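All residue numbers for the sequence shown refer to the working numbering, where the first residue is -15 and numbers rise by one.
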Amino acid sequence: MFKNLSIPVQRLYVQITAAIVTNSYFLAPYLKYLPCPSLNCYACPAANFACPIGTLQYFVIIGVFPFLLLGILFLVGGFLGRWACGYLCPFGLFQDLLAKIRKAKLEMPTWLGWGRYVSLVGVAIIIPAITKEPWFSKLCPAGTLEAGIPIVGWAFFKTKALGQYSTILGMTGWLFWVKVGLLAGTIAAAIYIKRPFCRFICPLGAIFGLFNRVSLLQIKVNHHALHLPADCRKICPVDIDIRKDPVSAKCIRCMQCTKCPGVSQK
Ligand code: SF4
Ligand code: SF4
């Protein structure tokens, strides 16, 4: 029955299931220290896994090589390239849902994609190494959505509605409002631009994207079919035409473009 569904619907089911599994709370005592292959905030009260970028920053700060983390990322990336971005990541799903809001989507210059590498090398590695603070996690909009707002919201409810004392509210300062502003900006952008955070900012997407060229899962383009008319870019959640570059680091391997003439999964 699942096979009879279109690829976008199959993908949506897998994304929702992955978001629930990643945040189902009950497995947290066993899995919380294991990095998952998606950007899911460790501080989220329901999260089962550690965030790979939070883990990377932690090891940078303490000056230890992250063997297990890199092993997991290399294994997933080596087999599947950026597939986890297309199917497993809750923040990718969140942006896909925002993109469904019927607004004309803006085309963005391709050089903005370098932002992912700036985030990875600058914000998630060099700055934490110098300041000993995990600055990507401090500013991450996925963290604000999954952890910051629920935790502060619950503290606010406890204080105002239940009359109980909470230390969290007293600790909520300017940084929290900067984070809320970044999340609001990401949400607004995702309504008008397809997956802006994944395409221009996410360091985990930058890591997985490096594997698209060598991973076992590939997209095959039959160049004889290239002249056939099709708007492959329109159906792509990251706004690319895979026929121009089948190993593009931007492709999240969602496979939706396999309905374009000459494009198939390999
Ligand atoms: S690029 Fe980052 S936020 Fe986007 S789907 Fe991949 S891991 Fe998630
Ligand atoms: S190029 Fe194809 S497989 Fe890659 S993200 Fe776009 S639609 Fe999905």
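Where is the CB? At the ideal position from N, CA and C, for every residue including glycine. The model shown is predicted, which means the values in this text are computed figures rather than measured ones.
{"Asked": "Backbone CA spacing between Phe160 and Lys204 [nearest angstrom]", "Found": "45 Å"}
{"Asked": "beta-carbon Met239 near ligand 2 non-hydrogen atom, thresh 7 Å", "Found": "yes"}
{"Asked": "Nearest to Gly70 (by Cα), restricted to the options Val102, Val247, Lys234 and Val164", "Found": "Lys234"}
{"Asked": "C-alpha distance - His211 paired with Arg227, whole-angstrom precision", "Found": "11 Å"}
{"Asked": "Whole runs of the beta strand (DSSP E) within the stretch 34 to 110, excluding any shorter than 3 residues", "Found": "none"}
{"Asked": "Three or more C-beta pairs below 8 Å linking the stretch 135 to 155 and the stretch 179 to 187", "Found": "no"}
{"Asked": "Cβ neighbours of Arg197 in the same chain (closer than 6 Å, five flanking residues each side left out)", "Found": "Val231"}
{"Asked": "Simplified DSSP state of Val231, which is helix, strand or coil", "Found": "coil"}
{"Asked": "Host beta strand (DSSP E) of Lys204 (start-end)", "Found": "Ile203 to Val205"}
{"Asked": "Inter-residue Cα distance where the pair is Leu90 and Tyr176", "Found": "6 Å"}
{"Asked": "Residues that DSSP places opposite Val247 in a beta bridge", "Found": "Val205"}
{"Asked": "Helix, strand or coil at Pro19 according to DSSP, with G and I counted as helix", "Found": "strand"}
{"Asked": "Presumed contact (8 Å Cβ cut-off) between Ala174 and Gln79, rounded CB distance", "Found": "5 Å"}
{"Asked": "Distance cut-off 7 Å: Val205 Cβ against heavy atoms of ligand 2", "Found": "no"}
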